[in-house]
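Structure record follows, encoded as structure tokens.
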Amino acid sequence: MAHTDRLSAVSAPDVAALAAGTAIFGTGGGGAVYTSQVLAEEALLAHGPVPLVTVDDLGPDDLVILMSGIGAPTVGIEMLSSRHQIDLLVREAEAVAGRPITTLMAAEIGGSNGVAPVGWAARLGLKLLDADAMGRAFPNAAMVSMNVAGVPCDFSVLSDVVGNVSVIKTVDLHWLERHARALTVASGSICLGVHYPLTADTARGAVVEGTVSAAVRVGHALLSSSDPVAAVAAELGGSILLTGKVVDLDRRTEGGFARGSVTVAGTGTDAGRLQRLELQNENLVVLEDGEVLVSVPDNVTIIDAETGHAITTEMLRYGQRVSVLAWACDPIWRTPRGLELAGPRAFGYDLPYIPFGGPTR
Amino acid sequence: MSAMRDLSLGVDVGGTNTDAVVIDGTGRVLAATKQATTDDVTGGIRAGIVAVLAALGEDRSRVSRVMLGTTHATNAIVARRQLDRVAAIRLGAPAATEYPPLLGWPRGLAELVLAGSAMVGGGHMVDGTPIAPLDRDGIRRFLDGLGAFDAVAVTGIFSPSSPEQELAVADLIREHLGPDARVFLSQDIGPTGLLERENATILNAALYSVARSVTEALVTVVAEEGLDAVTFFAQNDGTLMSLDYAAQYPVLTIGSGPANSIRGAAALSGADNAIIIDVGGTTSDLGVVVNGFPRESTLPREIGGVRTNFRMPDVLSLGIGGGTTVDPATGTAGPGSVGYRIATEALLFGGDTPTLTDAAALAGASIDGRTLGDLPPHLRTALRTALAQARVRLADAVERLSLGRADIPLVVVGGGGFLVPDDLPGAGPVVRPAHGDVANAVGAAISLAGGRADQISRLDDREAAIAQASEAAVAKAIQAGADPLQVTVVDILETPVTYTETPTIKVSVKAAGPLARLGERTRARVA
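Put into structure tokens, the structure is as follows:
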């Protein structure tokens, strides 16, 4: 990150920036942020700002839990959550843990899962950890920083729109993903869940810190600049790989994921260049002239060439005018275990990982 | 009645001008006029229709159709005028109760429009499984507990793919309130996207009286003039609705202005695929027509601060127009504009504000037969710089819309069209059709009748889903006035749905066709 200023609280006026920022961190996935944004704003107006704390601020009595939506974005925009879902989740989690939950953390900062926890924390009267488990969006619950750090998930709780609650204890995250997915399908393709209870000790070094603050900063840069595309790239310490338009789009559903590719043809000073992005819910690989420019776990987001706003995989359309934005992932993903979980091979690409933008900070 | 009943009269009611044209069956413009829009709407419509009918003389009896496009509904929402009070019912509790109706609306507008809201048991999951049993008593209790209201808006979760429950609720409400109760269903308004569709349905219900005032104005003038003609409204996607349908679904007319401009300009130029640029006094609006229809935007649209998911034409607006001011020191064009005061303030018209119109005149454009007086050298330089700058921005915008195809014609309309040179870099052949200044009204006059339907299904059943959605879209087009024999599917959009047991897709189909001939209008029921 180019900047490291931390916020100490999130209040209602920050939410628009947070939402614009988390959409950028969505790297093509993460779902539409608008409904989460409206709800978070209302919650903060009703309940006041949410304290934003760091791992160092956590005391021995603090228990952090991740809360997130899971399911199909196309269903998520229609069958929205019930008012009682989050209360059911926290009550059940406290019963299973045997102690109060004090702090929420976003599972992924990318997309609506990065915005909604702010509103949930406000309504539940909890603190929010300035961190998440991805530093971006990933399609798989095993692709979390705690898994890289070797911290196990003690339990998960899912609740659905009609009030069904399930506690899941699996031997590892792959089984968790499998069970959570099956339950989600049974619940109409959308659920809310809490998982990964963390203490000050287990959270340290196992979460991606500072990402809530970073998303707000990126959003502010986007919303306040006269050249939002450049401002966003600068704030992330990233680059614009190409500016052009979507000239080909191939999307299909395979194994529960939107897979495919999008081709962007350069315009203006980029005229004559072509880039292809491989998608699997998120943008995974960028190719130009047969060469890999960027690959997971580094971040790629297609943004509107005029406004700088992120365009999710499902909102991509032929003829859109876009810029391809790339920036380096959190260092935890560049460790051997990080690459094993979320490198190109984890997504089925037989490619060596070449860090984008040189070595990490 | 064949050859003698072949004329269409198009009217466009804008914020400033009301335009009217008459075209024949081949699309030829026989009469055109531009009149001032009046506060009561009727006056402007009357002046426009009277003027073109006078120009037709005895041929006025050949007019068999009158089509109207307008931004009146948008203006009513923005100005918060004449809006009805709405009772909003959502079917689907306990789902979506975290997001109450009218969430995120500007407060003043919400207070003005909302008589009350209820989230009651009902709705469906993506696969058609009921979320909860329909709470019939809850609906009756809610309605009984309300103060005065004018209309009811009903939005069921996943009603675009499971429509039966909303229809049953409409029956229930009419049983309870009486057969004349005004009930609006979200399945008739928009696709999946609960809050946006619900917002649009509530706005639609609130616009009923406004829409009536315009439809009645049109009916009144047509009757006053003794025209034996059927009347239609233009909607957002460049298709027409019958007047009954427009009165029922006014929210679908909200984007008709730009849609008509794009289609009208394309038709005047004779192109089915074209980039359209409408250069006005303050802005240049660019759109794309693909196979005769405006390309639609996929981004959510806000109307008066309310988020909706209407089908709207994809329009790119640049701050470049004939009235755009030029900084005499730097040659920077805009962002200011003298707007409609150009006829007094531009140098060319004896004023003292340098504008892009003056820059074009200096470069040799013939404008109103006028010539520029002597200008100091620094001002000439500034004007040349500004024109070059404006043309680069225009070329860039055209290039972005062209999808890289330089063979698509660029159709130039609007009073400031002289700002676009014949050799704009990256553009195809430049076409400047006659009557380009009334392209909006022409677009209204040539619109087709159309309808759209959505269907979610298993990927295995994709073809059946497309067939089913196509059938529903065709039925909607016929209901909107299309000739049943000539309706065709014009657009199919597929989106994958993830996190489902089996691969699932959403298909969205649009059908359209020419209007049924007089006396042959068929009333089809949506299956």
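Going down the list, the sequences are from chains C and F. Per this note's numbering: the first sequence = residues 1 to 361. Per this note's numbering: the second sequence = residues 1001 to 1527. For glycine and all other residues, C-beta sits at the position ideal for the given N, C-alpha and C.
Pick from F/Ile1045, F/Ala1449, F/Leu1419 and F/Ala1480 that is closest to F/Val1554, judged by C-alpha positions:
Given a span of 1001 to 1527 for chain F in the structure shown, any question on residue 1554 of chain F remains unanswerable.
Going along the chain, which residues of the segment 1098-1129 of chain F sit with their C-beta nearer than 8 Å to a C-beta in chain C?
Glu1098, Tyr1099, Leu1103, Gly1104, Gly1123, Met1125, Val1126, Asp1127 and Thr1129
Against chain C, which members of the segment 1073-1096 of chain F pass a CB distance test of less than 7 Å?
Pro1094, Ala1095 and Ala1096
Using 8 Å as the Cβ pair cut-off and three pairs as the minimum, do the segment 1137-1154 of chain F and the segment 1182-1201 of chain F touch?
yes
DSSP state of C/His47, grouped into three classes?
helix
Is F/Leu1091 near F/Glu1166, with beta carbons less than 9 Å apart?
yes
Using a beta-carbon distance below 9 Å, is F/Ala1132 in contact with chain C?
yes
Is it true that the CB of C/Thr170 sits closer than 9 Å to the CB of C/Cys191?
no
Determine whether the Cβ of C/Met134 lies closer than 9 Å to any Cβ atom of chain F.
no
Check the Cβ of C/Met105 against every Cβ in chain F and list those closer than 9 Å, keeping chain order.
Result: empty, since nearest Cβ-Cβ is about 20 Å, beyond 9 Å.
In whole angstroms, give me the CA-to-CA distance for F/Ala1473 and C/Ala133.
45 Å
Under 8 Å between beta-carbons, which chain C residues line up against F/Gly1193? List them in chain order, please.
Ile77 and Glu78
How about the segment 1002-1022 of chain F and the segment 1047-1060 of chain F: do they share at least three Cβ pairs that are nearer than 8 Å?
yes
Please return the same chain residues whose Cβ sits closer than 7 Å to the Cβ of F/Pro1130, not counting the five positions on each side in sequence.
His1124
Name the chain C residues that come within less than 8 Å of F/Phe1158, Cβ to Cβ?
Glu78 and Met79
Where are the alpha helix (DSSP H) runs, 4 residues long or more, that stay fully inside the segment 1015-1057 of chain F, in chain order?
1042-1056
Name, in chain order, the residues that DSSP records as bridge partners for F/Leu1007.
F/Val1063
Which bits of chain F does C/Thr267 rub up against, with CB to CB less than 7 Å?
Glu1399 and Arg1400
Once you ignore the five residues that flank C/Thr360 on each side, which residues in its own chain have a CB closer than 7 Å to its CB?
Here the model assigns C/Thr360 a pLDDT of 39, short of 50, so the residue's position is not dependable and the matter cannot be decided.
Residues bridged to C/Trp327 [DSSP beta-bridge criterion]:
C/Asn299
Hey, is F/Gly1506's beta-carbon within less than 9 Å of any beta-carbon in chain C?
In the sequence under discussion, the amino acid at residue 1506 of chain F is Lys, which differs from the Gly named in the question. Closer than 9 Å: yes.
When F/Thr1215, F/Ala1365, F/Ile1456 and F/Pro1376 are compared against F/Val1066, the one with the closest alpha-carbon
F/Thr1215
Which same chain residues, not among the five before or five after C/Asp160, have their C-beta less than 6 Å away from its C-beta?
Ser187 and Cys191
Pairs of beta-carbons, one from the segment 1467-1482 of chain F and one from the segment 1437-1454 of chain F, closer than 8 Å: are there three or more?
yes
Tell me, please, whether the CB atom of C/Thr35 is closer than 9 Å to any CB atom in chain F?
yes
Does DSSP classify F/Ser1002 as helix, strand or coil?
A caution first: F/Ser1002 carries a pLDDT of 44, below 50, which makes its placement in the model unreliable, though a value can still be read off. It is coil, neither helix nor strand.
Output the boundary residues of the beta strand (DSSP E) element that contains C/Gly71.
Val64 to Gly71
Ignoring anything shorter than 4 residues, give me the alpha helix (DSSP H) runs that lie fully in the segment 100-160 of chain C, in order along the chain.
112-124 and 145-149
Identify whether F/Ile1089 lies in helix, strand or coil by the three-state DSSP scheme.
strand
Where the alpha helix (DSSP H) through C/Gln275 begins and ends
Looking at the DSSP string, C/Gln275 is not in any alpha helix (DSSP H); the run it does join, the beta strand (DSSP E), is Leu274 to Gln280.
Any beta carbon of chain F sitting closer than 9 Å to that of C/Ser189?
yes
For F/Met1119, count neighbouring C-beta atoms within 10 Å of its own C-beta (all shown protein chains included) and say buried if the count is 16 or more, exposed if not.
buried
I believe C/Gly260 touches C/Asp270 by the beta-carbon criterion, under 8 Å. Please report the beta-carbon distance rounded to the nearest angstrom.
At roughly 23 Å, the Cβ-Cβ gap does not stay under 8 Å, so C/Gly260 and C/Asp270 are not in contact.
How big is the Cα-Cα spacing for F/Gly1321 and C/Leu104?
52 Å
Does F/Val1526 come within less than 9 Å of chain C when only Cβ atoms are used?
In this prediction, F/Val1526 has a pLDDT of 35, which is less than 50 and means its spatial position is unreliable; nothing more can be read from the coordinates.
Expressed to the nearest angstrom, what Euclidean distance is found between the alpha-carbon atoms of F/Leu1383 and F/Asp1012?
34 Å
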